[in-house]
Every structure is written in C-alpha cells, then in structure tokens.
C-alpha cells in the first residue's frame, strides 16, 4: 500500500512542480546586452585593429567588462586570441613536436613512439643528445 501511495504522490508532486514553472520567462530570452548597432560598431573597430587595446577601448566605450566584449566577439567569430610566446615562468614556449623533431634530427633515426614521452623527459633527452 505504501508503494502505491508513493507512486501516486510522486506524480502529483511532479504536476505541482510543472504548474509552478509553467509560464515563467527565461531571463536570457528577454535581456539584450548588445544592440545590433553596438555589435556592428564593435565588429568594425575590432576588425580594423584586432588588439587587446581595442578590446579595452570597446569596454570603456560601451561600459562593459573586457571579458564580455571578448565573449561577444568570440560568439560572432571575429575575436582572435593572442598567441603566447612565453610560459608563465617566462620560458619560451616549445612544443613537444619540436622537441621530438630535434631529437630525431640529432640521432638521425625515426622514433614514432617518442612523441608519447613527457615534455620534461624529451627536454632532458634533447640536452643529452645535443651535446
């Protein structure tokens, strides 16, 4: 009997929940952050000079955060992220593929599974074979 009551009350609970949420508007549907004029102006300015300085100028012009401007430009497909030339530690960025190629050139042999090694191990190995 308890199982039957649980099943019946669960159905009623779901109906009660559905009635409460029925007719509510989604906030994202009604709020417009950027007008069409703002978007076209942002697109023109950023395409003319795609730099972070332009993003900062747009942020101050439209009184929006930089992240919001970057997000909008990304959604449009206009934003081009800046490429990092150094790591957080200040060391130049070196890809694993470059390390593997340098090791293979030094040893004059093709090692296909070498790319599966860690970057630290590849750097150590390159230091040993380059000497």
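Residue numbers (our numbering): 106 to 236. Where a beta carbon is used, it is the ideal one built from N, C-alpha and C, also for glycine. Since the structure is predicted, the reported quantities are computational estimates derived from the model, not experimental observations.
Practice item. Could you give the DSSP three-state label for residue 197: helix, strand or coil? Key: Here residue 197 corresponds to residue number 92 of the chain shown, with the count starting at 1. Strand.
Check your understanding: Quick one: what does DSSP say residue 191 is sitting in, helix, strand or coil?
Key -> Indexing the chain shown from 1 puts residue 191 at position 86. Three-state result, residue 191: strand.
Practice item. May I have a chain-ordered list of the alpha helix (DSSP H) segments no shorter than 4 residues that lie completely inside the segment 152-227? Key: 157-167, 171-181, 201-212
Review point. Mind checking whether residue 204 and residue 227 have CB atoms under 7 Å apart?
Key: Residue numbering aside, residue 204 sits at position 99 when the chain shown is read from its first letter. Residue numbering aside, residue 227 sits at position 122 when the chain shown is read from its first letter. Contact flag set, yes.
Check your understanding: Is DSSP giving residue 144 helix, strand or coil here?
Key -> Along the chain shown, read from residue 1 onward, the residue named residue 144 stands at position 39. The answer is helix: DSSP assigns residue 144 an H, G or I state.
Exercise for review: Find the nearest neighbour of residue 179 within the set 144, 217, 218, judged by alpha-carbon distance.
Suggested key: Taking the first residue of the chain shown as position 1, residue 179 is located at position 74. Selected option, being the one with the closest Cα: 144.
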